[in-house]
Amino acid sequence: MNEKKTAWALLTTFFRFGWKNKRSRIFLLFSLIPVLLLLLVKIMQTARPASFTSAADLFSNIMLIFYFQLLIPVLALFFGSSVINDEIDNKTLVYLTVRPVPRWLVFTGKYVAYLLVMGLITFLGLVLSFLIANFDLLASAESWRQLLTYLAAALLAITAYSGLFALLASFMRKSILIGLFFVFGWESIVQYFPGTTQKFTIIHFVKSLLPYAPQKSGFLIFQLEPSPVFSSVLVLMLFSLITLIAAAIVFQKKEYILSDSN
Amino acid sequence: MSAVIQAEKLCKWYGNILGVSDINLEIQPGIKGLLGPNGAGKSTFLKLAAGQLKPSIGWVRIFGEKTFANHRIYSRIGFCPEHDSFYPDMTGWQFIFFMARLHGAASPRRAGEMTEKALATVGLTDKKDFLIKTYSFGMRQRLRLSSSLVHEPELLFLDEPLRGIDPLWRIKIIRLIKEYEKAGKTIIVSSHVLSEIEAMTSDIILIHQGRVFAQGNIHYIRGLIDAHPHQISIRSNRPRQLAEKLVRLENVLSVELDEATATLIIKTNQRDQLFDFLTRFLAENDIEVDEITSPDDNLQAVFDYLIGR
Amino acid sequence: MAIREKGYTGWEGELKPSSQLWLPIFFSGIKTIFKKKYAKLIFGGVTFPFLIFLIAVYVRTKPELRLLSGLVRQLATDASLFNLFFTNGFLIFMLFIFCIFAGAELIAADLRFNALALYFSRPLDRLDYIGGKFSILLFYLLLFTLVPGLLLVAFKMIFSGSLSFSPLLLLAILVYPFILSMFLASFTLMLSSLTANAKFTRIIILLLYIFMDALAQMLRTVFKSDYFNLFSIQRNITQVGNLLFNKGQSAWNFPSWLSLLTILGLTLVFSAVLFLRIRRAEG
Chain H
314 MNEKKTAWAL LTTFFRFGWK NKRSRIFLLF SLIPVLLLLL VKIMQTARPA
364 SFTSAADLFS NIMLIFYFQL LIPVLALFFG SSVINDEIDN KTLVYLTVRP
414 VPRWLVFTGK YVAYLLVMGL ITFLGLVLSF LIANFDLLAS AESWRQLLTY
464 LAAALLAITA YSGLFALLAS FMRKSILIGL FFVFGWESIV QYFPGTTQKF
514 TIIHFVKSLL PYAPQKSGFL IFQLEPSPVF SSVLVLMLFS LITLIAAAIV
564 FQKKEYILSD SN
Chain G
35 MSAVIQAEKL CKWYGNILGV SDINLEIQPG IKGLLGPNGA GKSTFLKLAA
85 GQLKPSIGWV RIFGEKTFAN HRIYSRIGFC PEHDSFYPDM TGWQFIFFMA
135 RLHGAASPRR AGEMTEKALA TVGLTDKKDF LIKTYSFGMR QRLRLSSSLV
185 HEPELLFLDE PLRGIDPLWR IKIIRLIKEY EKAGKTIIVS SHVLSEIEAM
235 TSDIILIHQG RVFAQGNIHY IRGLIDAHPH QISIRSNRPR QLAEKLVRLE
285 NVLSVELDEA TATLIIKTNQ RDQLFDFLTR FLAENDIEVD EITSPDDNLQ
335 AVFDYLIGR
Chain X
2 MAIREKGYTG WEGELKPSSQ LWLPIFFSGI KTIFKKKYAK LIFGGVTFPF
52 LIFLIAVYVR TKPELRLLSG LVRQLATDAS LFNLFFTNGF LIFMLFIFCI
102 FAGAELIAAD LRFNALALYF SRPLDRLDYI GGKFSILLFY LLLFTLVPGL
152 LLVAFKMIFS GSLSFSPLLL LAILVYPFIL SMFLASFTLM LSSLTANAKF
202 TRIIILLLYI FMDALAQMLR TVFKSDYFNL FSIQRNITQV GNLLFNKGQS
252 AWNFPSWLSL LTILGLTLVF SAVLFLRIRR AEG
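Residue numbers (our numbering), protein chains in the order written: chain H, 314 to 575; chain G, 35 to 343; chain X, 2 to 284.
Below, the structure is given as C-alpha cells:
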C-alpha cells in the first residue's frame, strides 16, 4: 500500500477541514486582535508622535504576551489534544483505524495537518503585526532577521507544546485541564523562581530565543535567565521529537474504547 | 475450505464487565448471522475480529493473521460500525472519497470512481454533495455501509446494518449482501432483530451474555434441541376428530384446539414419528388439511429457548 | 410555546403548573459535579485561600506568632481583610478553573447529545432550564465565596472575642459574592451554550479571562490611561471589591463604580445571549 499517498490524503483532508472549522476562525480572530491594536497605535502615532508608545516598541511586548505566552500554548493545547481526542469523542476513530494505514501514520498525518493550521493562524497575525509595527524599518535587514527569529521561535513553540499535549491526550481523556494547569499554573509560577527550575518549562527555552531585556531581580518580579540560543533550539527540537514519537507509539499500541459515556 | 475467521479462547473484559467469554469459532466463507439480545457481546466480537479491540485472553485471526493494529489486513476487510458518528462538516461524497484515498486509490480520479460506485450502491448519489449533518438517520446508516464497501473487501463486518433503514432499502441491502456472498465474499452480520437475520441467512451464531450458545444452520440447531418440545400447527376441516386420535399417542405431550380457526397446536418430543403417523392417518381417514406448520422451527423459538425466556 | 402535555397521557393525577421545575435539574447537577473525578482536588484548591486567611485572622489577634507577617500586615482593618480575601488573584483564578471544570459542559453536553429535546418535551420552559443550570453554578460559587466569607466573620469574632462588626461591611460580604457568582455563572453558561464542544468552551473561558487582562495592560501602556482596565475581567472584579469594601479607593485611576456597571452590564448581556441561544434550541 502506498503510504505516501495515504499520508497525503490524511494531511490534505484534515488540513482542509481543520482550517475551515469555525473554531479555527475564532482562534484566527484572536490572533488578529493584536494586529488591530498595532494598527490603531500606528495611526495614532502618526497623528501625535510624541504622545504614544511607538508600535515598534510595543511589538516585542505583544509578541511575548499575546502570542508566545497565550495564543500559542492555547492553540497547541486545543489542536494538539484534538489529534486523538476528537476521534475518540466523536467516535470516528474506527474509520481511520480500519484502513490499511499504519496507526502511527494516521497520527502523524493528522498532527502535521493541525500543525499547519496552528502555524497559519499564528504566522498570519505575527507577520501582519510585524509589518505594521516595523513599517518604517522594512528596509532594514535587521528587522527581517528579527521577524525570522520570531517565526522560528513560534514554530518551535508550537511543535513543543502541541507535541506535549498530543502525548498527554494519547493516554488520558482529561488532558485539557492538565494542559491548562501546566501552561497557566506551573509555567506562570515558575517564571518567578530563579535558577534551574525555569528549565522545567517550555516557555523558558522559547523566551531564550526571543529578543528580551533582562529584568532586575526581586520577589515576584518575572525573572528570566535565558539559556543559550543553540541549546534552546536543540532542547525544543528534541522535546518535540520525543513527545511526538512517544505519542505515535502510544497511539499505535493502545486500544481505544469508544464508549457512549463522554 | 480454510476458515476465514478463527478464534480460540477469546475473552474480553472492560474492567469488571465481561464483553465476551471463551469464544471458540471457525467461520467459513458465506453469510454468517451473529444473533443475540442487546449487550450480548456481538459488537465486542466484531470489534475484536476487526482489530479494533485487543483480546484480554485468547486470540482471533482473519485470513490466518492477527488483526489488532495489523494495517496490512485492512485492505481485505470492511467494517460498518454501530455508532452513528461522522465528520459532520464533510459531505457524503467527501467522506467516502477520503475513505477511498485511505485505501490507497491509485489516483484521485480512481478514488472518485470508487466513491461514485459506493454511493450509488446505497442510493446516496443525489445527496452526495450535502453535509452529513443534514442527513437523516437512515441516510447516515447507508453512508456507514458505503464506507465499508468502497474498497470491495473480501470480508465484511456489518454491525446492525439495517438499523434505521426504511423498508425499501432494507430489501435492497439484504439483496446486496446476498450478491456479495455469491461473489465469494464473506459477510458477518450482527443483529438482534431475528427477521433480518432470517432474511439473509440460515447460518447463525447465537451469542448471549458474552458466550456462544449455539452455531450452525438454524434448522439443524432446532433439531438438536430435543429436550424442548416441538410445536406443530394443523388447520383442518375435522380438528376434533384429529385431536381425539392424537391425544392417545405416547409421543404427543399436549394438544390445544382453537375452534375459531379450526387449528390444532400439538406439542411433541418426537416430531419425525408424529409426521409419519399423520401422513398415514390423514390419508386413511380422508381428513382435509389446509395447513401444517412448525411455529417454532425458526430463529425466534430457538432464541427464546436458548436464552431461557 | 412550551410542550406541556407529552408523556402524561397515562397519568391519572392532576396537572398542576409548578414554579419549581428547575429543582430536579439543580439537584441532579449538584450531585453530578460532586462525583466528578477531580472534583475534590478543585474544591481543595478553591478553599485554599480561605485556609490561609483563616490562619491570618488568627495570627492577627496573636502578633507574637509571627506567621504570614506580610499578609497580616495588609489586614490592618476588617475591610482590607475581606477586600483582599474576595479579590485575591488565586481565588479568582480558581473560581475560573471551577467554571471551566464544572460549568463548561453544563449546556454544551446537552447540545452535543440532543438532550434539549428531552428537557422541552417535559413541562419545562426556558426559564426553568436556564434557572436550573444557573442554580448549579451559583450554589458552588457561593459555597466557595459567601460561605468562607461568613465563616471568616464568625472566626474573626471568635478569635477577637468581640461580636462587634460593621453592618455595612456585613452587607458587602453578602452582596459581593452574589455579584461575582452571577457574573461568572452567566459568562460560563453563555459560552457553554454557544457550542456543543465542551473542550473548546473550556479553552475559550480561560483564553478570554487571560486575553482581556493582557489586552487591558497593552491598551493602558499605549494610551497611558487606567480606564482601559475596564477591558480586564480580573481588574473589574478587583475594583468592585474596592468599591464595596474599600470605599472605592484603589491603585488605579478610574472610578470603581464603572467596574460595577461593567460587571452588571456584562452579566445582563451574557444572560440575554444565553436566553436567546436556548430559545433557538427549544424552538
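Even glycine gets a Cβ: it sits at the ideal position worked out from N, Cα and C.
Based on the DSSP secondary-structure assignment, which residues constitute the bridge partners of residue i?
| i | result |
| --- | --- |
| H242/G | R245/G |
| A41/G | L59/G and V94/G |
| Q350/G | Any property of residue 350/G remains undetermined from this structure, which presents chain G solely from 35 to 343. |
| K66/G | I222/G |
| D237/G | N251/G |
| G112/G | L190/G |
| Y48/G | I51/G |
| S288/G | K301/G |
| E99/G | I96/G |
| T125/G | L165/G |
Indicate the three-state DSSP secondary structure (helix, strand or coil) for residue i in the structure shown.
| i | result |
| --- | --- |
| Q358/H | helix |
| F532/H | Confidence at F532/H is low in this model, with a pLDDT of 41, below 50, so the placement of that residue is unreliable and no value is reported for it. |
| T472/H | helix |
| N84/X | helix |
| F564/H | helix |
| Y380/H | helix |
| K318/H | helix |
| L165/G | strand |
| P527/H | With a pLDDT of only 48 at P527/H, under 50, the local geometry of the prediction cannot be trusted, and no value is derived from it. |
| L196/G | coil |
| I570/H | coil |
| V323/G | strand |
| T295/G | coil |
| S270/G | strand |
| K7/X | Any answer about K7/X is weak, because its pLDDT of 47 lies below 50 and its placement is not dependable; what the coordinates show is given next. Residue state, collapsed to three classes: coil. |
Comparing alpha-carbon positions, which option in the options lies nearest residue i?
| i | options | result |
| --- | --- | --- |
| V323/G | T297/G, T125/G and K162/G | T297/G |
| K157/X | I264/X, A109/X, A40/X and T78/X | T78/X |
| E230/G | N251/G, L196/G, A248/G and Q249/G | L196/G |
| V58/X | Q250/X, G104/X and V154/X | V154/X |
| E106/X | L147/X, R203/X and T268/X | R203/X |
| I491/H | F506/H, T325/H, F340/H and Y474/H | Y474/H |
| R458/H | L342/H, Q565/H, I555/H and L523/H | L523/H |
| D292/G | T302/G, L276/G and N285/G | L276/G |
| K37/X | S136/X, A103/X and N198/X | A103/X |
| R95/G | L44/G, G244/G, S119/G and N285/G | L44/G |
| S395/H | W499/H, K423/H, I346/H and G498/H | K423/H |
| W203/G | I221/G, R174/G and A217/G | R174/G |
| D348/G | N50/G, K46/G and P122/G | Not covered by the structure: residue 348/G. The range shown for chain G is 35 to 343. |
| F102/G | E116/G, Q86/G, Q304/G and H117/G | Q86/G |
| P541/H | K512/H, A559/H, F564/H and S483/H | K512/H |
When burial is assigned at 16 or more other CB atoms within 10 Å of the CB, is residue i buried or exposed?
| i | result |
| --- | --- |
| G133/X | buried |
| G90/X | exposed |
| I329/G | Strictly speaking, residue 329/G in this sequence is Pro, with Ile absent from that position. Exposed, by the Cβ-count rule. |
| L451/H | exposed |
| V414/H | buried |
| W258/X | exposed |
| K589/H | An answer regarding residue 589/H cannot be provided, because it is not within the stretch 314 to 575 covered by chain H. |
| I238/G | buried |
| G250/G | exposed |
Does the ligand MN have even one heavy atom less than 6 Å from the beta-carbon of residue i?
| i | result |
| --- | --- |
| R274/G | In the structure on display, the ligand MN does not appear, and there are no ligands present to speak of. |
Task: Contact the stretch 183 to 193 of chain G vs the stretch 106 to 119 of chain G: 3+ CB pairs below 8 Å - done: By the Cβ criterion, the stretch 183 to 193 of chain G is in contact with the stretch 106 to 119 of chain G, since at least three pairs of Cβ atoms, one from each stretch, lie closer than 8 Å.
Open item on the list: Does the stretch 243 to 257 of chain X come into contact with the stretch 171 to 183 of chain X, if we say contact requires no fewer than three beta-carbon pairs (one atom in each stretch) closer than 8 Å?
Closed with: Output reads yes: the stretch 171 to 183 of chain X touches the stretch 243 to 257 of chain X.
Task: Cβ contact check for the stretch 545 to 554 of chain H and the stretch 397 to 405 of chain H: 3 or more pairs under 8 Å - done: Verdict: no, contact absent.
Open item on the list: Using 8 Å as the cut-off, can you tell me whether the stretch 76 to 84 of chain G makes contact with the stretch 149 to 162 of chain G, which would need three or more C-beta pairs spanning the two stretches below that distance?
Closed with: By the C-beta criterion, the stretch 76 to 84 of chain G is judged not to be in contact with the stretch 149 to 162 of chain G, since fewer than 3 inter-stretch pairs fall below 8 Å.
Open item on the list: Three Cβ pairs or more, each shorter than 8 Å: is that satisfied between the stretch 192 to 207 of chain X and the stretch 108 to 117 of chain X?
Closed with: The stretch 192 to 207 of chain X is in contact with the stretch 108 to 117 of chain X.
Task: Meets three-Cβ-pair contact criterion under 8 Å: the stretch 378 to 385 of chain H and the stretch 337 to 348 of chain H - done: Yes: at least three Cβ pairs fall under 8 Å.
Task: the stretch 121 to 133 of chain G in contact with the stretch 319 to 334 of chain H per 3-pair CB rule at 8 Å - done: The answer is yes - the stretch 319 to 334 of chain H touches the stretch 121 to 133 of chain G, with three or more Cβ pairs under 8 Å.
Task: Cβ contact (3+ pairs, closer than 8 Å) linking the stretch 211 to 223 of chain X and the stretch 346 to 353 of chain H - done: Flag = yes, the stretch 211 to 223 of chain X and the stretch 346 to 353 of chain H touch.
TODO: Could you say if the stretch 51 to 69 of chain G and the stretch 209 to 226 of chain G meet the contact criterion of at least three C-beta pairs nearer than 8 Å?
DONE: Verdict: yes, contact present.
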